[in-house]
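Report on the following structure.
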Amino acid sequence: MITDARVLRADFVPRDVEYRDSEVDALTAVLEPLVDGDPSAPAILLGPSGAGKTCISQYTLEQLRQAVLDIDVQYVNCWQNYSEYRVLYRLLEGLGKTVDIHRQSTPHDELLERLRQYDGPPCVVILDEADQLEDKRMLYHLHSLPKFTLVLVANEESEIFSGADDRVTSRFVGAERIQFYRYTVPELIAIMEARVRWGLEREAVGDETLRTVADVAAGDARAALNILRNAARHAQQKGVERITPDLLEAAIPDARHEVRRKNVDTLTPHQRALFELVDERGEVAPSDLYREYRERVDSPKADRTVRNYLQKLARYNLIRIERTSRDRRYCRVDY
DNA sequence: GCTCCACGGGAAGGATAGGCTT
DNA sequence: AAGCCTATCCTTCCCGTGGAGC
Numbered sequence: 000m001i002t003d004a005r006v007l008r009a010d011f012v013p014r015d016v017e018y019r020d021s022e023v024d025a026l027t028a029v030l031e032p033l034v035d036g037d038p039s040a041p042a043i044l045l046g047p048s049g050a051g052k053t054c055i056s057q058y059t060l061e062q063l064r065q066a067v068l069d070i071d072v073q074y075v076n077c078w079q080n081y082s083e084y085r086v087l088y089r090l091l092e093g094l095g096k097t098v099d100i101h102r103q104s105t106p107h108d109e110l111l112e113r114l115r116q117y118d119g120p121p122c123v124v125i126l127d128e129a130d131q132l133e134d135k136r137m138l139y140h141l142h143s144l145p146k147f148t149l150v151l152v153a154n155e156e157s158e159i160f161s162g163a164d165d166r167v168t169s170r171f172v173g174a175e176r177i178q179f180y181r182y183t184v185p186e187l188i189a190i191m192e193a194r195v196r197w198g199l200e201r202e203a204v205g206d207e208t209l210r211t212v213a214d215v216a217a218g219d220a221r222a223a224l225n226i227l228r229n230a231a232r233h234a235q236q237k238g239v240e241r242i243t244p245d246l247l248e249a250a251i252p253d254a255r256h257e258v259r260r261k262n263v264d265t266l267t268p269h270q271r272a273l274f275e276l277v278d279e280r281g282e283v284a285p286s287d288l289y290r291e292y293r294e295r296v297d298s299p300k301a302d303r304t305v306r307n308y309l310q311k312l313a314r315y316n317l318i319r320i321e322r323t324s325r326d327r328r329y330c331r332v333d334y
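Residue numbers for the first sequence follow numbering that gives the first Met the number 0, beginning at 0 and rising by one.
What follows is the structure, given as structure tokens:
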């Protein structure tokens with residue numbers, strides 16, 4: 000039933016994109032100076048998850064690279080590479096300049112210096128999930144490199160620059176903002192249809208199935224494709240030739256829980272204790288949380304460390320942090 | 001305005017890892 | 001092989017800030 004599993008993946012970049020012409024055009028326009036070998040202003044792509052930011056940035060740059068000229072494109076996911084060192088290393092690696100860099104023993108000033116010396120074709124750096132960067136000064140450093148153009152991708156601008164000082168933010172006042180919005184139901188259906196055409200047997204998915212998936216996904220193309228892929232996989236395992244309503248029903252929570260399960264697996268025992276505590280209580284005040292945590296585990300960590308853990312849990316969307324100061328609450332995330 | 005609770009930045013220090021030098 | 005470096009990661013402590021409630 001599945002003819003090409005790759006195209007059903009949410010991170011697959013299709014040959015043609017749909018419904019994002021204006022965003023593609025906007026990004027192309029920002030990067031236009033590169034065509035004449037001039038430096039380009041940075042671009043910032045903003046919008047909710049699954050709205051096509053990552054896909055469009057990769058697609059647009061691929062177009063530019065193919066059609067026009069000699070440019071290099073480097074993609075760095077800041078979720079995985081959140082420290083300055085890792086980002087720099089990634090870039091050098093991507094540019095094939097790491098040959099004589101010995102991991103761990105090269106100061107990162109030197110990595111930056113290497114990039115400054117870089118004299119290849121202009122390079123566009125896509126920093127995906129840029130809000131995850133630990134040290135925002137990194138943006139300042141990268142921005143100061145002559146040959147590099149930045150494309151920042153994030154949900155909200157405030158998150159990218161939170162914790163950044165004026166020196167950093169002032170560098171990006173002139174950046175072009177491109178806002179992405181959720182896909183509509185018909186748009187999601189069309190996107191899925193295109194993928195289904197390439198990835199599944201013709202009769203595997205009915206119109207009503209796509210409609211249901213699109214409704215559930217609520218404008219999030221990534222979620223839609225994950226659900227679809229899961230349903231198809233289940234169907235395949237069962238040897239069925241068509242995605243039935245109950246297979247679909249089963250795939251919906253599955254797709255949603257997948258990420259969550261994976262995240263829970265990465266937690267340390269202490270972090271998991273905190274997660275379970277919040278999950279059991281539904282909502283808990285800081286002082287109670289600290290106290291119960293201390294009662295529950297052997298050799299508890301310091302409060303400050305617990306706060307770090309809680310931030311991590313929130314980043315992974317395993318808990319929610321609500322309100323501030325004295326009526327701060329840690330809450331369960333319902334699925 | 002004061003107190004209290006809580007947050008989170010930053011510094012410090014230890015553990016750990018890998019490469020380089022001798 | 002031993003010792004030195006440079007880095008990361010983790011944890012803790014200190015402390016300034018800020019909101020809530022009296």
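We put the CB at the ideal spot given by N, CA and C, even for glycine.
Could you pull out every residue in the same chain whose Cβ sits closer than 8 angstroms to the Cβ of residue i, ignoring the five residues on either side in sequence?
i, result
"F274", "V263, L266, L312, L317 and I318"
"G281", "C330 and R331"
"T27", "T59, Q62 and L63"
"L276", "V283, L288, E291, Y292 and R295"
"V16", "V23, G51, C54, I55 and Y58"
"E240", "M0, E200, E202, A203 and A234"
"R8", "L224 and R228"
"S286", "none"
Roughly how many whole angstroms lie between the Cα atoms of residue i and residue j?
i, j, result
"R181", "Y117", "38 angstroms"
"R201", "V195", "8 angstroms"
"L288", "P252", "29 angstroms"
"R129", "A153", "As written in the sequence, residue 129 is Ala, which differs from the Arg given in the question. If I take the Cα positions, the gap works out to 6 angstroms."
"T304", "L132", "20 angstroms"
"Y315", "E279", "18 angstroms"
"V258", "D35", "43 angstroms"
"S104", "Q79", "At S104 the pLDDT is 46, less than 50, meaning the model places this residue with poor confidence; the figure from the coordinates comes in the next sentence. Spanning the two alpha carbons is a distance of roughly 21 angstroms."
"L94", "Q73", "8 angstroms"
"G238", "A231", "10 angstroms"
"E22", "R176", "10 angstroms"
"I55", "D333", "31 angstroms"
"I1", "F11", "16 angstroms"
"E92", "R166", "28 angstroms"
"D326", "A254", "34 angstroms"
"T243", "V150", "41 angstroms"
"V184", "R210", "8 angstroms"
"D302", "R322", "19 angstroms"
"D37", "I320", "45 angstroms"
"A193", "V6", "9 angstroms"
"L138", "G49", "24 angstroms"
"D219", "P47", "8 angstroms"
"T208", "R260", "26 angstroms"
Tell me the DSSP bridge mates of residue i?
i, result
"I125", "Y74 and V150"
"D283", "According to the sequence as given, residue 283 is Val; it is not Asp. V283 pairs with Y329."
"I318", "R331"
"Q178", "L45"
"L199", "I1"
Please report the Cβ distance between residue i and residue j, rounded to the nearest whole angstrom; I am assuming they are in contact, meaning their Cβ atoms lie under 8 angstroms.
i, j, result
"V75", "L114", "The Cβ separation is near 13 angstroms, so there is no contact."
"A250", "I226", "5 angstroms"
"V124", "L90", "7 angstroms"
"F179", "L45", "7 angstroms"
"G198", "D3", "5 angstroms"
"A174", "I43", "5 angstroms"
"F41", "F171", "Sequence check: residue 41 is Pro here, not Phe. Right, the Cβ-Cβ distance comes to about 6 angstroms (below 8 angstroms), so this counts as a contact."
If you drop the 5 nearest sequence neighbours on each side, which residues of the same chain put their C-beta closer than 7 angstroms to that of residue i?
i, result
"H233", "L246, A249 and A250"
"H269", "V296, K300 and Y308"
"H140", "L111"
"A223", "L187, M191, V212, A213 and A216"
"Y81", "Q131, L132 and E133"
"N229", "A250, D253 and A254"
"T168", "F160"
"R136", "V167"
"A272", "Y292, R295 and V296"
Please go through the same chain and pick out, in chain order, the residues whose beta-carbon is closer than 6 angstroms to the beta-carbon of residue i, but skip the five residues on each side of it.
i, result
"P121", "L33, I70 and K146"
"V67", "V34"
"Y18", "E186"
"C77", "L126, E128, A129, Q131 and L132"
"E158", "D130"
"R102", "Because the pLDDT at R102 is just 49, under 50, the model does not fix this residue reliably, and the value given afterwards should be weighed accordingly. Result list for R102: empty, nothing under 6 angstroms."
Could you tell me which whole alpha helix (DSSP H) segments of length 4 or greater appear in the stretch 6 to 61?
20 to 30
At which residue ranges does the stretch 222 to 269 contain complete alpha helix (DSSP H) runs of 4 or more residues, listed in the order of the chain?
244 to 264
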